[in-house]
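Protein chains in written order, with the numbering used here: chain A, -3 to 335; chain B, 7 to 325; chain C, 54 to 363.
Have a look at the structure below, then the notes.
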């Protein structure tokens, strides 16, 4: 059934460590990824969106850990599994990785191992999870490459990544991710490194997969245009917090949080002519090692008050909707709306 | 590929010529009359200047430098490498006899350092920041600072003189009948040579492994759910290997330098001992040819290495 | 509860401490001092290196104040004495005090290595920056020569030069200078090449500034740290090379007590087995000294390396 939750993330905190400091990269994040829906996570670079995706897969670097919170995977046969309680590289965790939950990365240039043939890298995933013969895995790989729209798959399967173009490499990555028909696909800025024309093709492919296989997609991006195009649900992140979330309609049509509003006001809209009033967000993102004590957006916010400075506002859900805002002054910020 | 080999070979030839020119020209600068080293002083003292000139002319020494250089080069290509001034034996025969003995030691040392260095380096990288990494790093640091001959002396003291497990030096004894007896002579110098080279291979393998473990494709490999050892050894190591192999080839001159010293510590009768004796005795034809042969060998190896890395690394194959 | 591996448990305990400190706000207010210098001093190994280096260096320089024996005084009544309160490192075959030989020997060894390294650095910087700035045949010729020199195994090259020039301390310094310039030459050349095209250099050119001034004033500060690191590397290897050459009897003439010559005198099996004090202290001193130089070099490199933030 489309729409039911596949992965629930509750109050996730993931911190990064250096020799002496601790960076609260993800600080209390909750959301649901729904079957057959695309959840877009938006935010500036460094806001913790990639870390969130890596936390789900437990693919975090060595000097980091999930501090608190739960990541629950609702399986169809074994009930709920708390992924965050599994060991990082335990057998159980690995069994889900690549089979039930798959991930594609930002730069297809570096995400594929340069010294192995593309076909073998895809077949490796198939053979890891479904015990089958080499020939069988190769047949399935060929089929996948064909589905992903790679021309001449019989020749391409035995080529090395550097012989592929950027867009093709990302298709191969998607083929790799989709090879065991996962329930969830985590896409970490899959098109940032690609040309705009290729970008559209990749999204088209992802939408097709979502609709045909009922795959749940978590799409990370900083591009508002992509959000408008792809999202069923939206999650806006800023400095490790979710500041606003809801369905695409709720968030994009009626943005409430000052940050979301500023973000939307700062982008150009194609076809609106050259006299658009673009307002960049003033100030800079704070140093992650020197964060404001209260609301992270407070130093840049036009509606900041004493309360924001002291503590992070609580999550507030507008009644009767799924629209969540984390700001104590959002009503004031939206005062002039709808007139 | 063929085109690359050809191109690489075409730069190899002028470099070899440059080397031979530098060696020949350098030894030409030795102060003093070359005749002094060819005849005993009392014979020279009896000869008149006219007689000396005749001798010079007979050796072609009256010709300008550049003519002599090309004559020498021509003779070298013809296989006439001159005679040892100490014993009168053709230099070619001496090199043909001694070089394999050195190669035996150097290659064993190379294999030891390559295997030990990469295994320990990768081990340290996988346990970065843990006790085992610190111990290995400390050993590596000492290994890079210790004079090789001092290390050799300590090894002789412990394993040959105190424990009496292995012979103190030499390569063969007249009564030797079995190859494994010979092995006893090889073990100590080869281990010392190998271990002195291990530390740099290890340091490099460690950093190279750490670097490839940080690359995106390792994350991709992990995202497939394959076991951690497979991620490390198949994906991480395979990419780490290329630069490590290049480094090992790059360190070939260092290996030869070290083996020269080690040969003298263990009285291993290879080309290194011969070279040292030749330098001590001012035996110029010998010095010249050994230096030239070793340099040509080093350059030939780096040529082969370049070609080899193209074969194993598909990224550079097409460039 | 989450299953953890042993390594993870160890790591997570550290994390807990850091997190606790972070949350108490102790980290937020840290004094800002010179970042590079602070980095060098926070590098424990660099400090250890600096200490060992200073101790050995100063002991050698002030040798007459530390030991009452001369390096060359023969005392036939006290030969091959084991270390004692009178002779800290014992005496050698002709009764010379090994401790004072090590100190006085260090003077020569360090002098040879540092002059060789500095000489190489000066030549390397001069040739390298000029070659990088001018390009053309000058650049090509010196690149080729550099390539030729690095193709030689160091030992072979050193011995070739010894054959050509003969054995003496002065010659050894010249040899080390000749063999040691290539690395710094390449470094200076690369730096020069990279800044030659920068706009501000072009602007200086337009102002009619002298080539030489542009060359050194703007290239040197850019390449200073790597050059210093390179000098330390050279110095360490020259200490080892001097020792190896003298050990083979082809370095400094035997009457000068360098570290290598002291070791050369103890090659025979009797000394090796029965009189360990004649060679073990020298070997250890060389090892420690070279190690300390390497530590300092690594410290300087880390200090200026912007990619490693600590």
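Quick reminder that beta carbons are idealized off the backbone N, C-alpha and C, glycines included.
If you're wondering where the values come from, they're calculated on a predicted model, not measured in any experiment.
Identify, in the order they occur along the chain, each residue of the same chain with its Cβ nearer than 6 angstroms to the Cβ of residue 171 of chain A, setting aside the five sequence neighbours on each side. 118, 140, 141, 144
Looking only at its own chain, which residues have a Cβ that is under 8 angstroms from the Cβ of residue 310 of chain A, when we skip the five neighbours before and after it? 322
Beta-carbon separation of residue 240 of chain C and residue 188 of chain C under 8 angstroms? no
Could you check whether residue 54 of chain A and residue 113 of chain A sit closer than 8 angstroms to each other, using their CB atoms as the reference points? no
Kindly indicate which three-state DSSP category residue 37 of chain A falls into: helix, strand or coil? strand
Would you tell me roughly how many angstroms separate the C-alpha atoms of residue 155 of chain B and residue 301 of chain C, rounded to the nearest one? 10 angstroms
Would you please verify whether the beta carbon of residue 65 of chain C is less than 8 angstroms from any beta carbon of chain A? yes
Every unbroken alpha helix (DSSP H) inside the segment 195 to 280 of chain C [4 residues or more]: 207 to 218, 222 to 249, 252 to 259
Using CA atoms only, rank isn't needed, just tell me which of C:348, C:124, C:144, C:186 is closest to residue 132 of chain C. C:144
Alpha helix (DSSP H) segment containing residue 186 of chain C, residue limits: 151 to 187
Bounding residues of the alpha helix (DSSP H) (the contiguous stretch that carries residue 158 of chain B): 154 to 161
Can you check whether the CB of residue 49 of chain A is closer than 8 angstroms to the CB of residue 214 of chain A? yes
Meets three-Cβ-pair contact criterion under 8 angstroms: the segment 332 to 339 of chain C and the segment 245 to 262 of chain C: no
Taking C-alpha atoms, which residue in B:123, B:197, B:231 lies nearest to residue 205 of chain B? B:123
Closest Cα partner of residue 265 of chain C within the set C:92, C:185, C:284: C:185
Using C-beta distances below 8 angstroms, list every residue in its chain close to residue 8 of chain A, excluding the 5 sequence neighbours before and after it, in chain order. 22, 24, 25, 26, 48, 51, 62, 64, 65, 66, 67, 80
Of all the beta strand (DSSP E) runs that stay within the bounds of the segment 82 to 142 of chain A, which reach a length of 3 or more residues? 97 to 100
Tell me the DSSP secondary structure of residue 67 of chain C in three-state form. helix
By a C-beta neighbour count over all protein chains shown, 10 Å radius and 16 as the cutoff for buried, is residue 322 of chain C buried or exposed? exposed
Best match in B:69, B:134, B:53, B:107 for proximity to residue 280 of chain B [C-alpha to C-alpha]: B:107
Does the beta carbon of residue 231 of chain B come closer than 8 angstroms to any beta carbon on chain A? yes
Establish whether the CB of residue 360 of chain C and some CB of chain A are separated by less than 8 angstroms. Its pLDDT being 48, under 50, residue 360 of chain C is placed unreliably in this model, and the value from its coordinates should be taken loosely. No, residue 360 of chain C does not count as interfacial toward chain A.
Should residue 237 of chain C be flagged as near chain A, meaning a C-beta pair shorter than 8 angstroms? no
Pick out whichever of C:183, C:95, C:316 has its Cα sitting closest to the Cα of residue 351 of chain C. C:95
How many angstroms separate the CA atom of residue 360 of chain C from the CA atom of residue 318 of chain C? Any answer about residue 360 of chain C is weak, because its pLDDT of 48 lies below 50 and its placement is not dependable; what the coordinates show is given next. Spanning the two alpha carbons is a distance of roughly 47 angstroms.
Specify the secondary structure class of residue 294 of chain C as computed by DSSP and reduced to three states. helix
Ordered list of alpha helix (DSSP H) runs contained in the segment 7 to 69 of chain A, each at least 4 residues: 45 to 53
Alpha-carbon to alpha-carbon, residue 349 of chain C and residue 288 of chain C: 12 angstroms
Leaving out the 5 sequence neighbours to the left and right, which residues in its chain are closer than 6 angstroms to residue 149 of chain B when beta-carbon positions are compared? 205
Taking a cut of 9 angstroms between CB atoms, which residues from the segment -2 to 18 of chain A lie near chain C? 11, 13, 14, 15, 16, 17, 18
Along the segment 47 to 72 of chain A, where does the CB come closer than 8 angstroms to a CB of chain C? Name the residues. 58, 59, 61, 63
Please list, in chain order, the residues of the segment 288 to 305 of chain A that have any C-beta partner in chain C closer than 8 angstroms. none
Report yes or no: is there a C-beta of chain C within less than 8 angstroms of the C-beta of residue 83 of chain A? yes
If contact means a Cβ-Cβ distance below 9 angstroms, which residues of the segment 131 to 162 of chain B contact chain C? 133, 135, 136, 147, 148, 150, 151, 152, 153, 154, 155, 156, 157, 159, 160, 162
Hey, is residue 98 of chain C's beta-carbon within less than 8 angstroms of any beta-carbon in chain A? no
Using DSSP with H/G/I as helix, E/B as strand and the rest coil, what is residue 394 of chain B? Absent from the structure is residue 394 of chain B, since the part of chain B shown begins at 7 and ends at 325.
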